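Written out below as structure tokens is the structure these notes cover.
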Amino acid sequence: MGRLLAETKHEFPGWSFTHATAGWTATKGDQQHRADSLAALRTVLRGFTEGWHIWRSDHGRWWATRDRPFDAQAARDGAARTVDGDTEVEVRRAISEQESIAASQI
Numbered sequence: 421m422g423r424l425l426a427e428t429k430h431e432f433p434g435w436s437f438t439h440a441t442a443g444w445t446a447t448k449g450d451q452q453h454r455a456d457s458l459a460a461l462r463t464v465l466r467g468f469t470e471g472w473h474i475w476r477s478d479h480g481r482w483w484a485t486r487d488r489p490f491d492a493q494a495a496r497d498g499a500a501r502t503v504d505g506d507t508e509v510e511v512r513r514a515i516s517e518q519e520s521i522a523a524s525q526i
């Protein structure tokens, strides 16, 4: 379980994870999601790329573009509308980082 939790924390920066008898909880700011297992919770969190279009290029690189631009302040703070990575996990992590940048200004 320790390895899976470490991978989960790496994939979803900024989220905290707790385990109780009722299952797993992921918390980030005022967002909270629950699932029976850590694997199920990861699946839930992966679904939170709504608003982003993710694809793999012909050369195997993963890319994602946000459907809507970030607001002006988030853009000034460094939130990028398009990100890339060597793997799907990397690009999802990059998405999470951009959303974290945008959320930190609130």
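With the numbering used here applied, the sequence shown covers 421 to 526. Each residue gets a CB set at the ideal place from its N, CA and C atoms; glycine is no exception. Source: prediction; values computed, not measured.
Item: Taking only three categories from DSSP, how would you classify T404?; Value: Outside the shown range of the chain, which is 421 to 526, sits residue 404, and nothing can be said about it.
Item: Quickly, what does DSSP pair T420 with across the bridge? List them, please.; Value: For residue 420 there is no data in the structure shown, the boundaries of the chain being 421 and 526.
Item: Our contact map puts T485 next to H473 with C-beta atoms below 8 Å; I'd like the distance itself, whole angstroms only.; Value: 5 Å
Item: Let me check one thing: in DSSP terms, what residues is F437 bridge-paired to?; Value: A446
Item: Assuming H439 and A446 make a contact with CB atoms under 8 Å, what is their CB distance in whole Å?; Value: Rounded, the Cβ-Cβ distance is 11 Å, inconsistent with contact.
Item: Indicate whether T502 and W483 have their beta-carbon atoms separated by less than 9 Å.; Value: yes
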